[in-house]
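Encoded as structure tokens, the structure appears first; notes follow it.
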Amino acid sequence: MMKKTISLLMSVAMMACVAGCGNGQSVRSSDTGSYPKGTITYPMDTDVKLTYYVKMPSNISTIVSNYGETKFAQESMKRTGVQIEYIHPAQGNETEQLNLLIASQNLPDIVETNWLKRDPDGSISKNVIYKLNDYIDDYAPNFKAYLNEHEDIAKSVMTDAKNYYVFPMVRASEKLLNTSGFFLRADWLQEAGLSAPETIEDWDAVLEKFKARPGVEYPIAVQMDSLKYFTGAYHTAEGFYVDNGKVKYGALEDGYKQFLQKISEWVGKGYIDENFPIMDFNTMNAKILNGSAGVSFGAGGGQLGTFLKTKQASEPTYDLVPVPFPVLKKGEKSTYSSRQLPYSPVSAAAVTTKCAQPEIAVRYLDYAYSEDGYMLNNFGIEGESYEMKDGYPTFTKLITDNPDGMAMAQILTTYARSTVEGPFVQDERYIEQYYHLPRQKEALEVWSQNDYGSHAIPQITLTKEESSEFSGIMTEINTYVAESITNFMLDKTPVSEYDTFVKTLHDMNIDKAISIYQAAYDRFLTR
Amino acid sequence: MKNKIQKNTYVSGGKGSFAARFASDLKVNRAAYIMIIPVLLFYIVFAYSPMYGVIIAFKDYDISTGILGSPWVGLANFKSFFSSMYFGRVLKNTLTISLCSILFGFPAPIILALLLNEVKHKWFLRTVQTITYLPHFISLVVICGMIKNFTAQDGIVNYIVEFFGGTRSTLLMNANAFVPIYIISDIWQGVGWGSIVYFAALTNVDSELYEACTLDGGGRIRQVFTVTLPGIMPTIMIMLILRLGSILGVGYEKIILLYNPTIFKTADVISTFVYRKGLVESDFGYATAVGLFNSLVNVIFLVGANLISRKLTETSLW
């Protein structure tokens with residue numbers, strides 16, 4: 011009964027706030043009409059309650075029903091002095107529900123989503139979210155300091171019009187950016203007397219040996235998308251990328267033809283499971299686990315780590331070794347990889363115009379970029395979830411070896427945000443401890459050895475006209491390319507017809523799409 | 016049956032204005048009018064009022080400015096669909112799948128109903144009916160999972176192919192196999208459920224007609240063609256007209272669950288193409304334009320089929 015009353019009161023308070031808490035709702039500073047600027051000490055003396063729209067991290071949705079119940083949320087409310095009411099969309103319906111909130115003009119105060127996809131400048135000019143430039147200057151000293159120190163990040167999180175629109179997630183280390191890659195059966199390599207392959211030639215030798223093993227159907231079990239990482243060996247990449255300041259499209263390059271030739275050769279020799287276009291995730295994982303395949307692609311945590319842990323318990327010789335993205339000649343670095351960009355736009359926080367006190371919201375979000383907030387977001391609460399040992403924040407037994415048997419990712423998600431995307435700067439010391447097997451640590455090293463960082467297209471923004479022209483061209487091209495390259499790989503279309511394929515791409519106006527991207531990239535550079 | 020709705024006899028001669036007739040009828044059948052209000056409201060609120068959203072087919076729709084606030088773009092959305100290099104292919108695939116499913120899928124439940132009609136053992140009849148209904152209740156996602164397994168390289172279908180001397184292959188990666196897989200699985204899932212309506216129609220065929228036919232020396236086969244089929248012909252025609260009314264309505268759910276780039280050639284239909292463009296890329300105006308085009312074609316087929324049917328068989332929806 012008590013609980014019901016409280017939640018009723020809370021929802022009334024929330025509605026009052028959404029309805030417009032601009033009428034001087036007992037925020038001290040607002041009595042004078044201005045908020046203190048510059049650096050302040052937390053917690054703030056305010057009783058503003060903010061509504062906060064965020065996706066519920068799926069790995070804790072069985073433990074808590076609202077993010078506000080987590081230790082992390084409670085601690086950050088305590089430390090900032092701001093009360094937060096979390097609102098979660100139903101899983102899988104995030105986009106639709108947010109569209110509905112925008113269309114019905116019923117947005118919560120802070121919304122975490124991929125704003126980059128939602129035309130940031132347009133969202134500002136149509137009064138959906140606040141332009142944050144002035145607010146950051148006045149009320150977000152920590153975030154501002156971070157941006158001043160990291161010019162490249164600052165460029166990525168602003169629009170071409172130099173507008174700031176979100177508090178972003180920043181992955182502040184190569185190790186955090188390269189968390190997936192190829193891995194092979196190490197015990198098989200050892201038996202064959204081979205070392206982990208680096209060049210395509212090495213791969214040929216390894217695959218031949220693997221293919222000859224009894225019980226192996228096809229050595230490589232991967233999904234279609236992972237095969238594309240072999241393009242990096244041929245000095246090209248999948249989709250759009252940058253080469254010396256010039257935007258290129260992978261499938262138009264000569265290297266791409268060689269890549270298709272190699273793949274279709276491997277499919278022909280039975281090295282690659284020819285069902286790769288319809289291979290589902292579980293089938294793929296089963297193949298590498300039961301030994302009918304010896305090569306796969308995946309994340310260091312969910313796949314490499316899990317496979318080693320589950321399999322080595324029953325079969326101690328089972329071993330997987332992560333390998334660098336393949337290259338043609340020894341010493342080269344692959345030009346394509348699964349490396350992510352440092353600014354991850356997936357779950358960045360914007361302050362909506364429905365928020366009557368954006369100053370407070372900005373203050374709250376800025377806390378994550380302060381020294382204390384940084385530690386809280388990455389490692390949780392000192393003395394509970396981590397301890398400082400020789401200046402290294404070490405997770406406690408509660409996290410690494412949970413007495414209730416919770417997985418590390420799960421319990422850590424209740425204490426910190428480092429396991430999920432959100433507005434803060436991520437620390438590599440989190441993943442160094444999360445990937446605790448030696449093979450996983452090795453993976454972070456070898457997967458980082460690639461050159462995609464200098465070839466990836468950064469977070470460019472297209473104008474509305476560009477964007478509709480671009481998507482008009484690319485929807486058809488994507489269909490055509492997906493269909494054609496699958497047929498090349500499976501040798502249903504001989505690679506000799508590649509030139510016709512390239513010609514068709516030109517006819518389909520790929521050059522216009524490239525020039526749109528080039529223009530946007532040039533604008534990015536001058537931000 | 017005392018409260019039968021009264022036929023209004025006051026002005027049955029067609030005299031008086033509509034309003035006058037309506038007013039007097041209202042008096043006589045007040046209860047009936049009250050009862051129909053919720054139904055009318057349902058259609059107004061859930062079917063007609065959302066229809067104004069169709070105007071986004073002619074707009075460059077943007078969520079934050081809303082349906083009415085978005086700028087008009089005329090026929091641009093339609094043009095971009097018709098001028099697409101894939102327009103021809105997706106239209107052809109849609110029609111192929113749709114026509115094949117009418118050609119093969121439509122008669123299937125009728126044949127099943129006719130066959131079951133000849134069965135004399137009640138328990139056998141019930142068993143067959145139950146077994147054929149069951150797949151209808153399985154979720155589409157599960158059905159597609161089953162189809163994928165059955166047609167996989169080591170799936171049950173390939174055992175049969177191998178037995179007859181063929182070579183094993185993943186059938187869902189063979190463009191020529193997609194339409195048969197789609198149609199056969201559709202029939203398998205829907206044949207029992209679809210036969211219910213025909214079965215009901217069969218029970219209404221006058222049994223004296225069968226006796227008459229027997230007296231005239233007609234055998235079992237003869238009876239089917241001279242008595243049974245003409246007896247359920249109105250039902251068949253109505254069902255066919257309704258089916259033609261959704262000729263472009265090949266559902267995207269099943270195809271999206273089954274297709275992959277290797278078989279786009281035969282499997283990519285209008286709705287999946289629009290799904291990729293309209294929903295994945297959030298181009299709602301475009302998706303609506305294609306939806307409107309679909310509806311238009313469907314309505315033309317519906318009206319056309321109805322007209323032809325009225326002329327030829329004197330059976331029609333209106």
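Chains as they are written, first to last, in the numbering used here: chain A, 11 to 537; chain B, 16 to 333.
The beta carbon of each residue, even a glycine, is placed where N, CA and C say it ideally should be.
Item	Value
Neighbour list for E296/B in chain E, Cβ cutoff strictly below 7 Å	Checking the listed chains, one finds no chain E in this structure; the protein chains it contains are A and B.
Element boundaries [alpha helix (DSSP H), containing L259/B]	244-259
C-beta contact flag for I441/A and K185/A at 9 Å	yes
Euclidean distance between Cα positions of L55/B and S75/A	40 Å
Where G333/B sits in the DSSP three-state scheme	The identity of residue 333/B in the sequence shown is Trp, whereas the question assumes Gly. If DSSP states are grouped into helix, strand and coil, W333/B belongs with coil.
Where W333/B falls, given that 16 or more other Cβ within 10 Å makes a residue buried	exposed
Cross-strand partners of N460/A (DSSP beta bridge)	S344/A
Span separating the alpha-carbon of F240/B from that of G233/B	10 Å
Beta-carbon neighbours of K292/B, restricted to chain A and to distances below 7 Å	T485
Presumed contact (8 Å Cβ cut-off) between Y267/B and T287/B, rounded CB distance	5 Å
Partner residues on chain A for Y101/B, Cβ-Cβ distance less than 7 Å	E486, T489
Contact list for the region 60-86 of chain B against chain A, Cβ threshold 7 Å	I78, S79, T80, G81
Proximity to Q469/A [Cα-Cα], best of V331/A, G102/A, Q528/A, V430/A	Q528/A
Selection from A91/B, Y58/B, F96/B, I236/B that minimises the alpha carbon distance to N309/B	F96/B
DSSP state of D517/A mapped onto helix, strand, coil	helix
Proximity of F389/A and P368/A at Cβ, strictly below 9 Å	no
T330/B versus F214/B - alpha carbon distance	19 Å
Cut-off 7 Å between Cβ atoms - residues of its own chain near K297/A, not counting five sequence neighbours on either side	A231, A303
Segment limits, beta strand (DSSP E) that includes I323/B	Looking at the DSSP string, I323/B is not in any beta strand (DSSP E); the run it does join, the alpha helix (DSSP H), is 299-328.
Local conformation of P504/A per DSSP, three classes	coil
Cβ contact check for the region 98-118 of chain A and the region 333-341 of chain A: 3 or more pairs under 8 Å	no
Burial state of S40/A, where buried means 16 or more other Cβ atoms lie within 10 Å	The pLDDT assigned to S40/A is 43, lower than 50, so where the model puts this residue is not dependable; a value taken from the coordinates is nonetheless given after this. Label assigned to S40/A: buried.
Top-ranked residue by Cα proximity to I247/B, from V212/B, Y63/B, F193/B	V212/B
Status (buried if at least 16 other CB within 10 Å, exposed otherwise) for Y2/A	The question about residue 2/A has no answer, for chain A in this structure spans 11 to 537.
Where the beta strand (DSSP E) containing K94/B begins and where it ends	Run containing K94/B: none in the beta strand (DSSP E); it sits in the alpha helix (DSSP H), 91-97.
Backbone secondary structure at G482/A - three-state DSSP	helix
Proximity below 9 Å, CB of G132/A to CB of K474/A	yes
Local conformation of F119/B per DSSP, three classes	helix
Cα-Cα separation, I51/B to A216/B	28 Å
Residue-level contact to chain A via CB, S95/B, 9 Å cutoff	yes
Beta-carbon proximity list for E122/A, same chain, < 6 Å, skipping 5 on both sides	V64, S357, A359
Contact check, T485/A vs K292/B, beta carbons under 9 Å	yes
Where the region 258-285 of chain B meets chain A: residues whose CB sits under 8 Å from a CB there	N275, P276, T277, F279, K280, D283
Test item: CB-CB of I370/A and V58/A under 9 Å	yes
For L106/B, three-class secondary structure by DSSP	helix
S354/A, DSSP secondary structure in three states	strand
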